[in-house]
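Step one of this worksheet: look at the structure below.
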Amino acid sequence: MRVGSISILAPLILVMLRLIRLFSGGWLSQCANRISTQLQRADTVAGGYRNRFSGFRDGADTVKTIAAHSATASTLLRKKIDILHSLRDAIHHWSPWAAFSLSPLGGRGQGEGARVVYPKHSSVISRLLVLPVWRRRASFGAAAPAWLMWMLLGNSLAVHAAVLLSENFDARPNGSNLPTNWVINGGQWRLENGTLVGENGGTDGYQATGLMFGDRAWKHYRLSLRFKVESRAGDWRDGLWIGIRCRPDGDGYYLTFTDRGCQVHKVMYGRSTHEGNALATAACNIGGDWRRLRVDASGNVLEVFLDDKLLLAAKDPGGLTQPSMRSGGIVLGARKASIAKGKTVVRYDDLRVESLEK
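Residue numbering for the sequence shown follows the working numbering, beginning at 5 and increasing consecutively.
Now the structure itself:
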């Protein structure tokens, strides 16, 4: 179907879906919550992929249709990137009459394509239950206006938290500068093949150093990302370290993935917990594959999820004779002890920070 035909039919289709929603008690809205665009790379297991160098790369003026069916596709697609997030971001960044772009769906590089792979047992009817979303055409802006997205989903756009940061590095060429106001305080960092790569950062204590970003005023928030530990240096504590609610002076909470599992530590005025009195400990082996990590910081509680499953919860009772840390930015680390042999290399992607303020 040509671009002109799509742009003419789009308003009629969306109005029809809006009417169905009104007479179905929110069924369509429920389905929409389960629809997401599969934008993971080929090395993920979810079933669909994006690839900057494959045949799915097209010119910026080519309209791409991304379809995800509302029921059976929910087992394939990433649970945490749904279309309501994307529509909410689009309407937030564009005026009510602006064109709806694919960039909020993952910030992919210009002209990149994507596809969804259906389960083998999908029915013909279930494949028809799709929501088309298309990229703005550079030549004349043929796309679905944000007000039509509102007609489809109504007030359900407002149920998600504000996005404080979203970065997937796809639009940043190899060797380009890091995002503005991101500060390196340990190790070496570079952009490579649409990912962020860190090497050999950290201290010999329990404070992570590496790449710091965010606002010290951030309080209750959720950090989500993908990571891959490509190599670890010789010390048993070397590997993936991440800081939450961190200050420039090093105060904050630090999540460590070591040979002995996962722990949450606290650093306050130069004093820190250690292996024997960590705020929380869990058995864990993250291996060398791509994994998904989520950390929720709310009040004095930190919850850590690995591949969408709760790994541990840490409650700060005010140890080290100090109150809990209630605000601060984020540190990404690739920890290597000063005397360890070898090197630690950690690759990061799909960073997202959302406010949990009520």
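The C-beta atom is built at its ideal place from N, Cα and C for all residues, glycine as well.
query                                                                                               : result
Span separating the alpha-carbon of residue 185 from that of residue 260                            : 24 Å
Residue(s) in a DSSP beta bridge with residue 319                                                   : 305
Residues sharing a beta bridge with residue 283, DSSP                                               : Paired residues: none, contrary to the question.
Local conformation of residue 360 per DSSP, three classes                                           : coil
Opposing strand residues paired with residue 210 [DSSP bridges]                                     : Note: residue 210 sits in no beta bridge, so no partner.
Close beta carbons around residue 301, own chain, < 7 Å, minus the five adjacent residues each side : 224, 225, 248, 249
Cα-Cα separation between residue 175 and residue 169, rounded to whole angstroms                    : 15 Å
Rounded separation between residue 284 and residue 197 - CA only                                    : 35 Å
Where the beta strand (DSSP E) containing residue 194 begins and where it ends                      : 192-196
N-terminal and C-terminal residue of the beta strand (DSSP E) that residue 251 is part of           : From DSSP, residue 251 is part of no beta strand (DSSP E); its letter is neither H nor E.
Identity of the residue in 220, 191, 227 nearest residue 333 by Cα                                  : 220
For residue 182, the three-state DSSP class (helix, strand or coil)                                 : coil
Spatial distance of residue 274 from residue 312 (CA atoms)                                         : 33 Å
Residues near residue 222 by beta carbon distance below 7 Å, same chain, minus five either side     : 168, 331, 332, 333
Residue 237 versus 295, 310, 205, residue with shortest Cα-Cα distance                              : 205
Minimum C-alpha distance to residue 293 - residue among 208, 212, 310, 321                          : 310
Nearest-angstrom beta carbon gap, residue 299 and residue 2 [assumed within contact, 8 Å]           : With the chain represented from 5 up to 362, any question about residue 2 goes unanswered, as that position is not in the structure.
Residue 350 beta carbon less than 8 Å from that of residue 171                                      : no
Under 8 Å between C-beta atoms of residue 210 and residue 271                                       : yes
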